[in-house]
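Undergrad: Structure below; questions to follow.
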Amino acid sequence: MNMLVDGEWRTDAYQTTNEEGEFDRQETSFRDRIQDDPDAEFPAESGRYHVYISRACPWAHRVAMTRRLKGLEDDISLSIVEPVRYDDGWEFSEEYPDPLYGEEFLRDVYVRADPDFTGRVTVPVLWDREKETIVNNESREIMRMLDTEFEGPNGVDLWPEGHREAVDQAIDDIYDPINNGVYRAGFADTQEAYENAVEDVFAALDHWEEVLDDQRYLVGDVLTEADVAMFATLVRFDHVYHTHFKCNRRAIHEYPNLWNYTKDIYQTPGVAETVNVDHITRHYYMSHGDVNPKRLVPTGPDIDFSAPHDRDRLAADLPPALRGDAAPADD
Ligand SMILES: N[C@@H](CCC(=O)N[C@@H](CS)C(=O)NCC(=O)O)C(=O)O
Numbered sequence: 001m002n003m004l005v006d007g008e009w010r011t012d013a014y015q016t017t018n019e020e021g022e023f024d025r026q027e028t029s030f031r032d033r034i035q036d037d038p039d040a041e042f043p044a045e046s047g048r049y050h051v052y053i054s055r056a057c058p059w060a061h062r063v064a065m066t067r068r069l070k071g072l073e074d075d076i077s078l079s080i081v082e083p084v085r086y087d088d089g090w091e092f093s094e095e096y097p098d099p100l101y102g103e104e105f106l107r108d109v110y111v112r113a114d115p116d117f118t119g120r121v122t123v124p125v126l127w128d129r130e131k132e133t134i135v136n137n138e139s140r141e142i143m144r145m146l147d148t149e150f151e152g153p154n155g156v157d158l159w160p161e162g163h164r165e166a167v168d169q170a171i172d173d174i175y176d177p178i179n180n181g182v183y184r185a186g187f188a189d190t191q192e193a194y195e196n197a198v199e200d201v202f203a204a205l206d207h208w209e210e211v212l213d214d215q216r217y218l219v220g221d222v223l224t225e226a227d228v229a230m231f232a233t234l235v236r237f238d239h240v241y242h243t244h245f246k247c248n249r250r251a252i253h254e255y256p257n258l259w260n261y262t263k264d265i266y267q268t269p270g271v272a273e274t275v276n277v278d279h280i281t282r283h284y285y286m287s288h289g290d291v292n293p294k295r296l297v298p299t300g301p302d303i304d305f306s307a308p309h310d311r312d313r314l315a316a317d318l319p320p321a322l323r324g325d326a327a328p329a330d331d
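For the sequence shown, UniProt numbering gives the first residue as 1, with consecutive numbering after it.
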């Protein structure tokens, strides 16, 4: 796989699987924090920070969705990379330019932050215009910073007092079997590694299917960061993970609660505009030549995230900005 080694782009530099043929996700390396404190190294200031994302990527989706739900569009700028990743890694283009430096590749942004950088060039990236560096490139941490260190006009708090432990627990619980589980299945090099991963994916989905039978969201009646993390995987599942990553024991639209939950969140005001099914499908099927050598992109499945759902039968404690008229209608 491709990565930067001492600031130089290498296309043969790292193995995605370990000796057992299991997918091995590398640690991210920029781990600073924005803080709501004027004296902090990275203070929470409107207009200072930028996020680079891909609309295809579920990790970047957490960041885009948190920003949109909180209404931080005027505080934190965002730009998108080309959906398909070839040998040069994430690319900018005329349609999807780098608005800060006009660079050609995202790796150039990493090298600006650290000319000797060694590591993968991943999205999301949280960039500081003032110090001209990457603050952080770990989605869970960026999501938390946007959520807790910026107020936003929508009155949205995705890590609410009284639920914080449960939210963190749910994020932990879904990470390995679901968010990363689909990747462990898709990138496995042996039958055993693949089967173990698929087992984990579906055991966890079965569990949450049950939980969601009598509560609207993962930790109860409030929408939280855990739902953002879950949604980012579920909304990609039937188009890519089911087929491309061979998680095909069942599709999400065959699970009554998970499917209605996915539609419910999709229809929460602002969320639909963060979902780009074209970028999602083209990215996965065209970027992973080892998984899909002919790079053909399937035309299905024919599912509709904006179709009615049944989640209004369950209580929801949402701020007015998230109730909106995009809520499902019975007609
Ligand atoms: N731990 C990171 C993972 C991010 C990640 O793996 N992003 C993928 C896209 S979905 C990427 O940019 N991959 C490029 C690469 O690995 O070279 C996070 O959650 O932010």
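No residue lacks a Cβ here, since even glycine has one placed at the ideal position from N, Cα and C.
Because the structure is a prediction, the values reported are computed rather than measured.
1) May I ask you to report which of helix, strand or coil DSSP gives alanine 329?
2) Can you grab the Cα-Cα spacing for the pair asparagine 292 / asparagine 248, in whole Å?
3) What residue range does the alpha helix (DSSP H) around glutamate 199 cover?
4) Beta-carbon within less than 7 Å of alanine 327's beta-carbon, same chain only, minus the 5 sequence neighbours each way: which residues are those?
5) Out of Tyr241, Asn276, Met3, Phe305, point me to the one whose CA is closest to glutamate 116's CA.
6) I'd like to check one pair, tyrosine 110 with glycine 102: are the Cβ atoms closer than 9 Å?
7) Distance check for proline 308 and alanine 329, CA to CA, integer angstroms please.
8) Is any heavy atom in ligand 1 found nearer than 8 Å to the beta carbon of alanine 113?
9) If you follow the alpha helix (DSSP H) that tyrosine 110 is in, where does it begin and where does it stop?
10) What three-state label does DSSP hand methionine 286 in the structure shown?
11) Report, in whole angstroms, the separation of the C-beta atoms of glycine 47 and proline 153, which I expect to be a contact under 8 Å.
12) What is the residue span of the beta strand (DSSP E) that tryptophan 259 lies within?
13) Relative to ligand 1, is the shortest distance from any of its heavy atoms to the C-beta of isoleucine 134 smaller than 8 Å?
14) Please list, in chain order, all residues with a C-beta atom less than 7 Å from at least one heavy atom of ligand 1.
15) Report all residues from its chain with a CB closer than 8 Å to the CB of glutamate 19; omit the five preceding and five following residues, and keep chain order.
16) So what's leucine 318 in DSSP terms, helix, strand or just coil?
17) Keeping to the same chain, check which residues put their C-beta closer than 7 Å to that of aspartate 37; ignore five residues upstream and five downstream.
TA: Taking the coordinates as given:
1) Here residue 329 is taken as the residue at index 329 of the sequence shown, counted from 1. Because alanine 329 carries a pLDDT of 43, less than 50, the predicted location of this residue cannot be relied on, and the following value inherits that uncertainty. Coil.
2) Residue 292 sits at position 292 when you count from the first residue of the sequence shown. Residue 248 sits at position 248 when you count from the first residue of the sequence shown. When rounded, the distance between both Cα atoms is 16 Å.
3) The sequence position of residue 199 within the sequence shown is 199, counting from 1. From DSSP, the alpha helix (DSSP H) with glutamate 199 extends over 191-211.
4) Here residue 327 corresponds to residue number 327 of the sequence shown, with the count starting at 1. Residue confidence is low: alanine 327 scores 45 on pLDDT, short of 50, so the model does not pin down where it sits. Its coordinate-derived value is still stated next. The answer, listed in chain order, is Gln267.
5) Indexing the sequence shown from 1 puts residue 116 at position 116. Sequence inspection shows aspartate at residue 116; the glutamate mentioned does not correspond to that position. Nearest option by C-alpha distance: Met3.
6) Here residue 102 refers to the residue found at position 102 of the sequence shown. Here residue 110 refers to the residue found at position 110 of the sequence shown. No.
7) Your numbering for residue 329 matches position 329 in the sequence shown. Your numbering for residue 308 matches position 308 in the sequence shown. At alanine 329 the pLDDT is 43, less than 50, meaning the model places this residue with poor confidence and gives no usable figure here.
8) Your numbering for residue 113 matches position 113 in the sequence shown. No, the Cβ of alanine 113 stays beyond 8 Å of every heavy atom of ligand 1.
9) Along the sequence shown, read from residue 1 onward, the residue named residue 110 stands at position 110. That run of the alpha helix (DSSP H) goes 106-113.
10) Mapped onto the sequence shown, residue 286 falls at position 286. Here methionine 286 sits in helix by DSSP.
11) Start at 1 with the first residue of the sequence shown, and residue 47 comes out as number 47. Start at 1 with the first residue of the sequence shown, and residue 153 comes out as number 153. Between the beta-carbon of glycine 47 and that of proline 153 there is about 15 Å, and that puts the pair past the 8 Å contact cut.
12) The residue you call residue 259 lines up with position 259 of the sequence shown. Segment 256-266 is the alpha helix (DSSP H) holding tryptophan 259; no beta strand (DSSP E) there.
13) For the purposes of this step, residue 134 is taken as residue 134 along the sequence shown, with counting starting at 1. No.
14) Sorted by chain position, residues whose beta-carbon lies closer than 7 Å to a non-hydrogen atom of ligand 1 are Met1, Asn2, Met3, Arg25, Thr28, Ser54, Ala56, Cys57, Pro58, Trp59, Ala60, Arg85, Gly89, Trp90, Arg120, Val121, Thr122, Val123, Pro124, Asn137, Glu138, Ser139, Arg140.
15) Working through the sequence shown from its first residue, we reach residue 19 at position 19. Within the same chain, glutamate 19 has no close Cβ partners at all.
16) Numbered from its first residue, the sequence shown carries residue 318 at position 318. In the three-state DSSP reduction, leucine 318 falls in the coil class, being neither helix nor strand.
17) The residue labelled residue 37 in the question sits at position 37 within the sequence shown. Within the same chain, aspartate 37 has close Cβ partners Pro43.
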